[in-house]
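Once you know that position 30 of the sequence shown is 25 in this note's numbering, the rest is easy, because the numbers rise by one and skip nothing. First up is the structure itself, then whatever we jot down about it.
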Amino acid sequence: MSEIETLKAEIKKLSARATTMKMNLHDLSEELPINWQTIMTVAQETQDAYAALEAARKALKELEAKAA
């Protein structure tokens, strides 16, 4: 598997994780004020997931530009 294909597979996993975290945050907001203590934790995990996804997408663009 090439480096680009490997990174695309990783992006797919990261995208699924980010979507899951987004839904967790959404579900938490609908349940408020229940579990309000977890807002910061869930929000940080969501931010981390999207940051990792964005970084992987940037790395893919750079790899694709080098391969072109």
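Glycine included, each C-beta is placed from N, C-alpha and C at the ideal position.
To the nearest angstrom, how far is it from the Cα of residue i to the Cα of residue j?
| i | j | result |
| --- | --- | --- |
| residue 31 | residue -3 | 44 Å |
| residue 13 | residue 33 | 17 Å |
| residue 49 | residue 29 | 31 Å |
| residue 25 | residue 17 | 13 Å |
| residue 2 | residue 53 | 10 Å |
| residue 41 | residue 21 | 11 Å |
| residue 39 | residue 45 | 10 Å |
Assuming residue i and residue j form a contact by the criterion Cβ under 8 Å, report the distance between their Cβ atoms to the nearest whole angstrom.
| i | j | result |
| --- | --- | --- |
| residue 6 | residue 55 | 6 Å |
Quick one: grab the DSSP three-state call for residue i.
| i | result |
| --- | --- |
| residue 48 | helix |
| residue 95 | The requested residue 95 does not occur in the structure, where the chain is confined to residues -4 to 63. |
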